[in-house]
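First residue of the sequence shown: 0, per numbering that gives the first Met the number 0; consecutive thereafter. Remarks on the structure that follows.
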Amino acid sequence: MKKWRKQGVVKALSLLLVLATGPVFLNLKPVSAVEVKSKPPVILAPQPKAGLTGDQNFSMIADSYFDDMFKLDPSFATQSGVHEHDTELENYSAEFVAARIAGLKSYRDVIVALDPQTLSRTLRHDREILLGHINNELLSYDELHLWQKDPDLYSSGVSSSIFNLVKRDFAPVQTRMKAVIAREKLVPQALEFAKQNIDPKQMPKVYAEIAVEQLPGAIDLFQNSVPTAFKGVKDQALQSQLADTTKDCTLALKNYQTFLQELIAKDACKGNFAYGEDAYKKKLLYEEMVDEPIDSLLVRGEKELKRLQTEFVALAKEIDASKSPQKCYEDLAKEHPKPAQLLTDIRNLLERIRKFCVEQKIVSIASPERPQVAESPSFMRALTFASMDVPGPFEKKAMQSFYYVTLPEPDWTPAHVEEHMRSFSNCDLLCTSIHEAYPGHFVMYLHVKQTAPTKVRKLIGSGLTDEGWAHYCEQMLLDEGFNKGDKKLKLVQLHDALLRNCRYIVGLKMHTKGMSLQDGIKFFMEQGYQEKANAEREAKRGTSDPTYLVYTLGKLDILALRDDYKKLKGDQFTLRDFHDKFLSTGYPPIKIIREEMILTPEK
0 MKKWRKQGVV KALSLLLVLA TGPVFLNLKP VSAVEVKSKP PVILAPQPKA GLTGDQNFSM
60 IADSYFDDMF KLDPSFATQS GVHEHDTELE NYSAEFVAAR IAGLKSYRDV IVALDPQTLS
120 RTLRHDREIL LGHINNELLS YDELHLWQKD PDLYSSGVSS SIFNLVKRDF APVQTRMKAV
180 IAREKLVPQA LEFAKQNIDP KQMPKVYAEI AVEQLPGAID LFQNSVPTAF KGVKDQALQS
240 QLADTTKDCT LALKNYQTFL QELIAKDACK GNFAYGEDAY KKKLLYEEMV DEPIDSLLVR
300 GEKELKRLQT EFVALAKEID ASKSPQKCYE DLAKEHPKPA QLLTDIRNLL ERIRKFCVEQ
360 KIVSIASPER PQVAESPSFM RALTFASMDV PGPFEKKAMQ SFYYVTLPEP DWTPAHVEEH
420 MRSFSNCDLL CTSIHEAYPG HFVMYLHVKQ TAPTKVRKLI GSGLTDEGWA HYCEQMLLDE
480 GFNKGDKKLK LVQLHDALLR NCRYIVGLKM HTKGMSLQDG IKFFMEQGYQ EKANAEREAK
540 RGTSDPTYLV YTLGKLDILA LRDDYKKLKG DQFTLRDFHD KFLSTGYPPI KIIREEMILT
600 PEK
């Protein structure tokens, strides 16, 4: 969602998988101050055991894979709610990257050798999901060499590692403070590895620019947010240690920033951000199980774009024919709550949307649990405008979900306050709450927590399913009559859909058809009615997030699946039944959901 930062399970997991995963390897220790030059071990995945069924062998291998992943990728473990590795940090050295690649191939070969016919339907599909994940990691590390191209992976990686310890009260504050100190001690070495890994000849200039733009936020996290988060701790020895490690991290990040700025200034960044059609098709296949030809995908995306544009222009004219469509949309930002009323208004909105979902039988709400609407903690305000923060799938203690909102600061001028509040327009709040909470990401989280059948389904997520579902919900709920006749709300929903549709087309064309970054920016502005600043952000994002077509493609695929399920069920079809069955499968690609809902019975 534009302007909104989501911290949900799958989205955060996806970020960490890009930043630092791959399988974690047997008996592999994360980096420490005395181990940075240690020789990585030879990694071998466990072999199937005689006497076990196919399901038992696959489950044993998958469990080993994730257990090892948590050891090598402590940030991923923390985010997932596994806290045995909270004092550790990933080893970014080239030697460990090589070991990671070898281990990926070992796991891949063992899983490929498992006969899928010996597996139940669920685990047969899990085998496909896990293989896709491993192949995607090999694509990133061994073919695209993103670890040598993308400097933001490292600076955002260490920042996320610390942020995951700070943001949730899964342990007493002193325990989490000690974990932060332990990880911070390892950050400077991690950034030194980053400098050694980055190859300017392979690094696209835009990747360096994105990292430099992101670094002030990372520096602020260490310099201000982390100390603020632990300011209530009375132990002066801990406070002294935190001050020292935080200072070292801040200096290391500033040095990393200078390192990148100098490469940009010397025009040393010579890489091409475009994946190329072959690698792009592989990424779509491995991540999302999409094997549709690129040209066919473009035809679908362009057809949907034309539909949305036609509706947007016609509706804007109905609202105010004297204004351009973009001006009509922008003027809606003037209609927003007062700052003092914002949290109350959001709570009321959530209850109203939830009530509609229940009364109109849109989807089963799997728990009476509500997200707690609260002001963003002080240590988060520099990092997020608003966010949905749900626990990791294996979290045992910090189980509350939070819908955080960043309010204006008391010392802001009236003009600054108004500028901030324009992003909380009444219609924006409704669309965002549908996407993030009911019946979007929060409802999906509730279902997955209760019904996802396996560890694979909880830990490996499809953006097509996750973001496609939330984006589908924005249109679906209005189609079902929520705020019936509210043309302004519909205009905002269409504008958000246009943004996602532009991502779809720009991502495909920049990576497979030679579209330049500047042409991508122009496309967002002219075809999606986006202001220039947002168009630049979105097009830049597409250079390193090539498959951000998942919002629109996921929505379209869910609509197609719904039509087919309706034909299958005939008079017995209900929308709630369709949604409940869709959400019961976890976060797998929609291809898997389609097979489990329509094509193949369980065996």
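The beta-carbon is built from N, C-alpha and C at its ideal position, and this holds for glycine as well. Since we're looking at a predicted model, the values are computed, not measured.
When you compare only the Cα positions, how much space is there between L314 and L490?
One-based indexing of the sequence shown puts residue 314 at position 315. One-based indexing of the sequence shown puts residue 490 at position 491. Distance between the alpha carbons of L314 and L490: 7 Å.
How many angstroms separate the CA atom of F577 from the CA atom of E301?
Reading the sequence shown from its first residue, position 578 is the one you call residue 577. Reading the sequence shown from its first residue, position 302 is the one you call residue 301. So the two alpha carbons sit approximately 28 Å from each other.
Option nearest E329 by Cα separation, candidates E287, D114, T542, C426:
As a first step, residue 329 is located in the sequence shown; it is residue number 330 there, counting from the start. It is C426.
Mapping DSSP to helix, strand and coil, what is L88?
Start at 1 with the first residue of the sequence shown, and residue 88 comes out as number 89. DSSP places L88 in strand when its eight states are reduced to three.
Tell me whether Y564, by its Cβ, gets closer than 7 Å to a heavy atom of the ligand GTP.
Absence of the ligand GTP is noted for the structure shown, with no ligands found whatsoever.
What are the complete alpha helix (DSSP H) segments, minimum 4 residues, inside the region 549-595?
549-568, 574-582, 589-593
Output yes or no for whether 8 Å exceeds the beta carbon distance between D62 and K454.
Position 63 of the sequence shown holds residue 62. Position 455 of the sequence shown holds residue 454. Taking 8 Å as the Cβ cut-off, D62 and K454 qualify as a contacting pair.
Look up V372 in the DSSP assignment and give the residues it is bridged to.
Here residue 372 refers to the residue found at position 373 when the sequence shown is read from its first residue. Answer by DSSP bridge pairing, in chain order: Y402.
Applying the 10 Å Cβ sphere with the 16-neighbour rule, what's the burial state of G83?
Stepping through the sequence shown from its first residue, residue 83 is reached at position 84. The question names Gly, but residue 83 is Glu in the sequence shown. The residue in question, E83, is exposed, as its Cβ has fewer than 16 Cβ neighbours within 10 Å.
Euclidean distance between Cα positions of P338 and D277
In the sequence shown, residue 338 corresponds to position 339, counting from 1. In the sequence shown, residue 277 corresponds to position 278, counting from 1. The straight-line gap from Cα to Cα measures roughly 50 Å.
Suppose the cutoff is 6 Å on Cβ atoms and the five residues either side in sequence are ignored; what does the same chain contact list for V157 look like?
Position 158 of the sequence shown, counting from 1, holds the residue named residue 157. V186, A189, listed in sequence order.
Report the rounded CA-to-CA distance for L122 versus I110, giving the unit in angstroms.
Position 123 of the sequence shown holds residue 122. Position 111 of the sequence shown holds residue 110. Cα-Cα distance, rounded: 12 Å.
Tell me whether the region 40-53 and the region 71-89 touch, counting them as touching only if at least three CB pairs, one residue from each stretch, are closer than 8 Å.
no
Just to confirm, is the Cβ distance from A217 to L262 under 8 Å?
For the purposes of this step, residue 217 is identified with residue 218 of the sequence shown, where counting begins at 1. For the purposes of this step, residue 262 is identified with residue 263 of the sequence shown, where counting begins at 1. No. Outside cutoff.
CB-CB under 6 Å to L476, same chain, minus the five flanking residues each way: which ones, in chain order?
On the sequence shown, residue 476 is found 477 positions in, with the first residue counted as 1. Around L476: I433.
Look at the alpha carbon of L555 and the alpha carbon of S139, and state the distance between them as a whole number of angstroms.
Translated into the one-based positions of the sequence shown, residue 555 becomes position 556. Translated into the one-based positions of the sequence shown, residue 139 becomes position 140. In a straight line, the C-alpha of L555 is about 27 Å away from that of S139.
K28 to D266 span [Cα, whole Å]:
As a first step, residue 28 is located in the sequence shown; it is residue number 29 there, counting from the start. As a first step, residue 266 is located in the sequence shown; it is residue number 267 there, counting from the start. In this prediction, K28 scores a pLDDT of 38, lower than 50, which makes its location untrustworthy; the coordinate-derived value is nonetheless stated afterwards. Near 38 Å, if we compare the C-alpha coordinates of D266 and K28.
CA-CA distance, I128 and L103?
Locating residue 128 in the sequence shown gives position 129, counting from the first residue. Locating residue 103 in the sequence shown gives position 104, counting from the first residue. Between I128 and L103, the C-alpha separation is close to 14 Å.
Out of N347, A101, L307, K233, state which residue places its alpha-carbon closest to the alpha-carbon of Q526.
In the sequence shown, counting from the first residue as 1, residue 526 sits at position 527. It is L307.
Quick check on the DSSP output: what are the complete alpha helix (DSSP H) runs of length 4 or more inside the region 400-440, in order along the chain?
413-420, 425-435
Contact set for P392: own chain, Cβ-Cβ below 8 Å, skip 5 residues either direction
By 1-based counting over the sequence shown, the position of residue 392 is 393. Result list for P392: V8, S79, G80, V447, K448, A451, K457, L458, in chain order.
I557 beta carbon less than 8 Å from that of Y437
Taking the sequence shown and counting its residues from 1, the one referred to as residue 437 is at position 438. Taking the sequence shown and counting its residues from 1, the one referred to as residue 557 is at position 558. It is not a contact, given that the beta carbons lie outside the stated cut-off.
Where does P336 sit, in a helix, a strand or coil, going by DSSP?
Taking the sequence shown and counting its residues from 1, the one referred to as residue 336 is at position 337. Note: P336 maps to coil in three-state DSSP.
Compute the distance between the beta-carbons of R120 and T511, then report whether it is under 8 Å.
By one-based count along the sequence shown, residue 120 stands at place 121. By one-based count along the sequence shown, residue 511 stands at place 512. Taking 8 Å as the Cβ cut-off, R120 and T511 do not qualify as a contacting pair.
Do A397 and D579 have their CB atoms nearer than 8 Å?
The residue you call residue 397 lines up with position 398 of the sequence shown. The residue you call residue 579 lines up with position 580 of the sequence shown. Result no, Cβ atoms of A397 and D579 do not sit closer than 8 Å.
Which one of E310, Q173, S160 has the shortest CA to CA distance from K487?
In the sequence shown, the residue the question calls residue 487 occupies position 488. Among E310, Q173, S160, the Cα nearest to that of K487 belongs to E310.
8 Å Cβ cutoff met for E374 and L406:
Here residue 374 refers to the residue found at position 375 of the sequence shown. Here residue 406 refers to the residue found at position 407 of the sequence shown. Yes, these two residues count as a Cβ contact at 8 Å.
How is G460 classed by DSSP in three states: helix, strand or coil?
To locate residue 460, count along the sequence shown from 1; it is residue 461. Reduced to three states, the DSSP call for G460 is coil.
Going by DSSP, what residue range makes up the beta strand (DSSP E) through S239?
The residue labelled residue 239 in the question sits at position 240 within the sequence shown. Where S239 is concerned, there is no enclosing beta strand (DSSP E), although the alpha helix (DSSP H) it sits in stretches over 235-264.
My guess is that L548 and L507 are in contact by the Cβ rule of under 8 Å, so how many angstroms apart are they, rounded?
Within the sequence shown, the letter at position 549 stands for residue 548. Within the sequence shown, the letter at position 508 stands for residue 507. The pair is a contact, with the Cβ atoms about 6 Å apart (cut-off 8 Å).
Measuring alpha carbon to alpha carbon, tell me which of V179, F229, K305 ends up nearest D247.
Numbered from its first residue, the sequence shown carries residue 247 at position 248. Closest by alpha carbon: V179.
Local Cβ density within 10 Å of T542, reported as buried at 16 or more and exposed below that
Numbered from 1 along the sequence shown, position 543 holds the residue referred to as residue 542. Classification for T542: buried.
List in chain order: all unbroken alpha helix (DSSP H) runs of 4+ residues lying wholly within the region 309-333.
324-330
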